[in-house]
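Heads up: the sequence shown is residues 574 to 684, going by our numbering. C-beta atoms are modelled at their ideal positions from N, C-alpha and C, and glycine is treated no differently.
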Amino acid sequence: MLRYLVISKRALPPSVSSAWKAMDIVLAGPIAAAALEASDLGGHDGAIVDLDYEGHEMIACVEMLDVGQIPFVFAAFVSSSLRPPGCFVLSEAKREICAIYHRLQQTFRTH
């Protein structure tokens, strides 16, 4: 089973976690960006970073994930008002789960 770390200030709805688990992916977290430095990043196959963070917080996350060689994507939450066109969405929709999974797998192969 794959394990993706969710980096967000928001709680995940149980329906989202359940849908991902049904696809053999465990969503760990969420963990706030500010707490990421104190966390053990080992054992995660990828990360999903909430788009609602400020730029400097996203940069800090990306730097830590890069050091740990953890592939990541930025995503809007299903409840988010911030949803740029073509962006990933963290939701229970199978289409969205597959899109994030495929991108993380592509990114993993390049690391």
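In this structure, DSSP gives Leu-585 a state outside helix and strand, which the three-state scheme calls coil. Runs of the beta strand (DSSP E) lying entirely within the segment 588 to 663 and spanning at least 3 residues, in chain order: 598 to 604, 619 to 623, 645 to 650, 661 to 663. Apart from the 5 residues on each side of it in sequence, Val-579 sits with its Cβ closer than 6 Å to the Cβ of Leu-600, Gly-602, Pro-603, Ile-621 in its chain, given in chain order. Listed in chain order, the non-local C-beta contacts of Asp-597 below 6 Å within the same chain comprise Met-574, local neighbours out to five positions each way being set aside.
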